[in-house]
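A quick write-up on the structure given underneath.
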Amino acid sequence: GSNSSIYHIAFDDKRTFHVIASDGGFLERPVPMNTIRLSAGERAEIMVDFSKESKYAVISLLIDQMGGSRFEAMRITVNGSARVETIPQTLRTMEKIPESEATGVRGFIMETMSMGGNRMGMGMMGRRLTINGKKMDINRIDEQVRLGSTEIWEITNRSAMMMSMPHSMHLHDVQFQILSRNGRTPQPHEQGRKDTVLIMPGETVRIISRFRDYTGVYMYHCHLLEHEDDGMMGQFEVIT
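Each residue of the sequence shown is one higher than the one before, starting from 1 at the first, in this note's numbering.
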């Protein structure tokens with residue numbers, strides 16, 4: 001299954017495709033790529049040009065699992081012709097949230113530790129998965145956010161040493177924009193609206209979001225299901 005898989009997706013002939021949308025809808029413009037990485041909870045829409053293929057040509061969509069095996073996810077057989085479409089160079093106009101708009105910055109440390117206190121992965125047994133040193137408690141509010149505010153969240157994966165683990169941070173209630181990965185501008189296909197971001201061991205990802213719609217209690221959590229179920233979750237409350 002895909003409880004915690006990280007997929008590298010490409011065609012067998014390494015052809016170029018265009019990424020046109022991410023978690024929160026269309027990107028500003030198509031992004032040409034020949035492979036894309038998706039973690040649990042992330043989404044992408046792509047467009048592929050088969051117009052130059054001969055009839056009955058067979059193309060395979062392959063998936064490499066991070067730390068696992070390669071398999072064929074889809075086999076495409078070209079059959080007949082279709083109307084040729086041109087991808088627009090502009091898909092949407094999307095406002096970039098300026099960092100100067102942020103009314104606050106919060107830090108989140110996603111950490112894997114052994115039950116003995118050493119920072120290292122211990123497989124499914126003997127490990128402690130936390131955010132800011134805490135496991136999920138449904139009766140606890142971890143963060144309070146003012147309705148109408150804009151915030152920067154700095155999320156660090158401190159799962160270091162051997163057997164370190166990636167984490168896929170997912171926010172409920174809002175879409176965010178990625179500001180940076182370890183201080184670097186995110187790749188073009190990560191510059192749209194998102195609700196899930198993969199954070200590799202040792203990485204710090206900065207995101208910015210507006211909390212404008214609703215009050216209430218919402219979750220943030222690792223989208224790798226075993227990590228989520230093991231308590232790598234928290235709750236934030238949007239208040240007036």
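Ideal placement from N, C-alpha and C gives every residue a C-beta, glycine not left out.
Residue environment for R140: exposed (fewer than 16 other C-beta atoms within 10 angstroms of its C-beta).
For H167, the closest alpha carbon among the candidates I46, D23, V205 is that of V205. Using a C-beta cut-off of 8 Å, the stretch 38–54 makes no contact with the stretch 103–110, since fewer than three inter-stretch Cβ pairs fall below that distance. L61 and S2 have their alpha carbons spaced roughly 17 Å apart. Here T130 is buried, its C-beta having at least 16 other C-beta atoms within 10 Å. Rounded to whole angstroms, the separation of the alpha carbons of E72 and Q89 is 31 Å.
In the three-state scheme derived from DSSP, where H, G and I count as helix and E and B as strand, H172 is classed as coil. The continuous stretches of alpha helix (DSSP H) do not include D64, which lies in the beta strand (DSSP E) extending over residues 58–65.
Under the criterion of beta carbons closer than 8 Å, P201 and N132 do not qualify as touching, at roughly 17 Å. If you check the CB distance, T112 and R92 do not come in under 8 Å.
If you ignore the 5 residues before and after G216, its C-beta comes within less than 8 Å of the C-beta of D173, E237, V238, all in its own chain and listed in chain order. Annotated three-state conformation of L179 is strand, per DSSP. Contact between the stretch 44–61 and the stretch 92–101 is absent, with fewer than three C-beta pairs closer than 8 Å. Under the DSSP assignment, H227 falls in the alpha helix (DSSP H) whose first and last residues are 225–229. Burial state of R70 is exposed, judged by a 10 Å Cβ sphere holding fewer than 16 other Cβ atoms. When the five nearest sequence neighbours on each side are left out, the beta carbons in the same chain lying within less than 7 Å of the beta carbon of A10 are those of N34, T35, L62, in order along the chain. For S54, the number of other beta carbons within 10 angstroms of its own is below 16, and it is reported as exposed. DSSP, read as helix, strand or coil, puts P166 in coil. Taking 8 Å as the upper bound for CB-CB distance, P30 and T16 are not in contact here, some 11 Å apart. Within its own chain, the residues whose Cβ lies closer than 6 Å to the Cβ of V145, once the five positions on either side in sequence are excluded, are F211, F236, V238, listed in chain order. Selection L147, E85, I59 evaluated against Y214 yields L147 as nearest (Cα-Cα). Counted as a single uninterrupted DSSP element, the beta strand (DSSP E) harbouring F11 occupies residues 7–11.
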